[in-house]
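Data block below; observations after.
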Amino acid sequence: MRRMRMKAITVMMCALGLSVAAMGAVPEHFQPRAKELLADSIELIPSENQLNVIYFVGNDREPIADYERRISELLIYLQQYYGKEMVRNGQGAHSFGLSMKDNGEVQIHLVRGKKPHTEYSYGTGHNPCLEEVNAYLDAVPGRRTSQHTFVIMPTHYDEEYNDLNPGGVPFYGLGTNCFALDYAHFDIKHIGQPTKEGRLLTKWYGGFAHELGHGLNLPHNLGTASDNKAHGTALMGAGNYTFGFRPTYLTLASCRILAHSELFVSKGTTTKFYTQVEAPTVETASFKRVGDTLELYLRTTPEVVNVNAYIQDPPFEVNRDYDAVPFPCSMSKTADGKTVATVSIPLAELIELKNTEGGAMALDVLIQTNEGSRFRWRVPFDLKNVPADGSIDMGQPVFRRGY
Ligand code: ZN
5 MRRMRMKAIT VMMCALGLSV AAMGAVPEHF QPRAKELLAD SIELIPSENQ
55 LNVIYFVGND REPIADYERR ISELLIYLQQ YYGKEMVRNG QGAHSFGLSM
105 KDNGEVQIHL VRGKKPHTEY SYGTGHNPCL EEVNAYLDAV PGRRTSQHTF
155 VIMPTHYDEE YNDLNPGGVP FYGLGTNCFA LDYAHFDIKH IGQPTKEGRL
205 LTKWYGGFAH ELGHGLNLPH NLGTASDNKA HGTALMGAGN YTFGFRPTYL
255 TLASCRILAH SELFVSKGTT TKFYTQVEAP TVETASFKRV GDTLELYLRT
305 TPEVVNVNAY IQDPPFEVNR DYDAVPFPCS MSKTADGKTV ATVSIPLAEL
355 IELKNTEGGA MALDVLIQTN EGSRFRWRVP FDLKNVPADG SIDMGQPVFR
405 RGY
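Counting in the numbering used here, the sequence shown runs from 5 upward without gaps.
Set out below in structure tokens:
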């Protein structure tokens, strides 16, 4: 079902996906601060597929005033941010595709839920909302423009939540879906301002940018010691607390994942994304300590296009892995078409981790295939048990799908 639908949509949506920069000027009705912030927009390479952007309200609520302009400004700024980080990381001027309206705003679908807003809360979880969103997207051919969906819901207003303390709704990324919130001061004019609204914007816009990252396939990562020194805080680490106030960046590892994701590929790409079910085969793997570096070598089946190694301390679970330090591998092909991935990991880049002198650590090998699927293999190790120039036991590859 999904493959057939995607094929039809791919054909129908070829004409869409131009960024604002590619289309020309920033829309006249955008507020002055947004125009200033978008004045140095780069021309993005048009994307084949576009993010489904949904504004979802319960049947007893209305959207917050001016949401289409406000959210459009915030999304277009974020599209530029991702695009500029892709360029800085040598991945070309690609960003996530957005469907645009004739007036220069982002196509935001207003979906009115069948039930009151309290039935779509953080407590009830995202499923009631997502079921209705998926039904809406599938009701009209061509309405769904990719497998990635971003749902924005207005804050609750009750004894706990209001426009100065928004909340009450799902706020996280999950697979190719992510959830964020809207409130009256959610407006790019507050970005970087030393005001209550400015600090609030960093919290919720940083969160919006970070959760969107998850919805675009990104796992958590901290950044190497060198990258953190040069570029600030990784968005997929604690960057949701710095975005807009202090330098916040996407790691090369993040950008390499994005480069092989459905929303970032160029117009005309015909790849059907996320169809691979079985993990690729790892034919040879070695993980060694050589002096003050760790050396990873992998030879895999040809469909592997990207491998990122992550080193972290315990705990290793999702949402406790903000400290995972990423090391994208150098990729090459053998004469018989196999993929070889290698990387040297200087221990000096891991100084923010606790256990580099001994204690539990883990290597996570994230393998990405040419149709965007990710598979993760975790290898526990302890540096104090590995002699210099000695090998670390990788065991048999056991992959988990996703992130
Ligand atoms: Zn996160």
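Just so it is clear, CB atoms sit at the ideal spot from N, CA and C, and this is done for glycine as well. On a predicted model such as this, the values are computed, not experimentally measured, just so you know.
- Task: Would you list the residues whose beta-carbon is nearer than 6 Å to any heavy atom of the ligand ZN, in the order they occur in the chain?
- Result: 214, 218 and 224
- Query: Can you find a heavy atom of the ligand NAP that lies under 6 Å from the Cβ of residue 282?
  - Reply: This structure lacks the ligand NAP; the ligands present are the ligand ZN.
- Query: Using DSSP with H/G/I as helix, E/B as strand and the rest coil, what is residue 426?
  - Reply: Any question about residue 426 goes unanswered here, given that the chain covers just 5 to 407.
- Rounded straight-line distance, which links the Cα of residue 135 to that of residue 188: 27 Å
- Task: Going by CA-CA distance only, name the one from 308, 180, 359 and 280 that's closest to residue 100.
- Result: Measuring from the Cα of residue 100, the nearest candidate turns out to be 180.
- Continuous alpha helix (DSSP H) stretch holding residue 77: start and end: 71-92
- Using 10 angstroms around the beta-carbon of residue 47, count the other beta-carbons present and answer buried if the total reaches 16, otherwise exposed. exposed
- Are the region 347-364 and the region 257-268 in contact at 8 Å, needing three or more beta carbon pairs? no
- Message: Does residue 30 pass the burial test, meaning 16 or more other C-beta atoms within 10 Å, or should it be called exposed?
- Response: buried
- At which residue ranges does the region 140-192 contain complete beta strand (DSSP E) runs of 3 or more residues, listed in the order of the chain? 153-158 and 181-186
- If we ignore side chains and look at the alpha-carbon of each, how far apart do residue 397 and residue 389 end up? 11 Å
- Query: For residue 253, which three-state DSSP category applies?
  - Reply: In this structure, residue 253 counts as strand in the three-state DSSP scheme.
- Message: Considering only the alpha carbon of each residue, which of 85, 296 and 376 lies closest to residue 216?
- Response: From the listed residues 85, 296 and 376, the smallest Cα separation to residue 216 is found for 85.
- Item | Classification of residue 313 by the beta-carbon crowding that lies within 10 angstroms, buried from 16 upward | Per the 10 Å Cβ criterion, buried.
- Quick one: measure Cβ to Cβ for residue 267 and residue 150, integer angstroms, because I've assumed they're closer than 8 Å. 6 Å
- Message: Using the three-state DSSP reduction, which class does residue 350 fall into: helix, strand or coil?
- Response: strand
- Task: Compare the beta carbon distance of residue 55 and residue 152 with 7 Å and say whether it is the shorter of the two.
- Result: yes
- Task: Give the straight-line distance between the Cα atoms of residue 347 and residue 298, rounded to the nearest whole angstrom.
- Result: 8 Å
- Query: In terms of alpha-carbon separation, which member of 122, 163, 176 and 195 lies closest to residue 37?
  - Reply: 195
- Message: I'd like the ranges of any alpha helix (DSSP H) spanning at least 4 consecutive residues and lying wholly in the region 255-318.
- Response: 256-263
- Task: Report the option in 375, 335 and 62 whose CA atom is closest to the CA atom of residue 137.
- Result: 62
- Item | For residue 311 and residue 92, the rounded distance between their alpha carbons | 19 Å
- Message: With H, G and I counted as helix, E and B as strand and the rest as coil, what does DSSP make of residue 337?
- Response: Looking at residue 337 - three-state DSSP - the assignment turns out to be strand.
- What are the start and end residues of the alpha helix (DSSP H) that includes residue 218? 200-219
- Is it right to say residue 6 is buried, meaning 16 or more other beta carbons lie within 10 angstroms of its own, or is it exposed? Model confidence at residue 6 stands at a pLDDT of 43, short of 50, so the residue's coordinates are unreliable; what they give is reported in the following sentence. That one is exposed.
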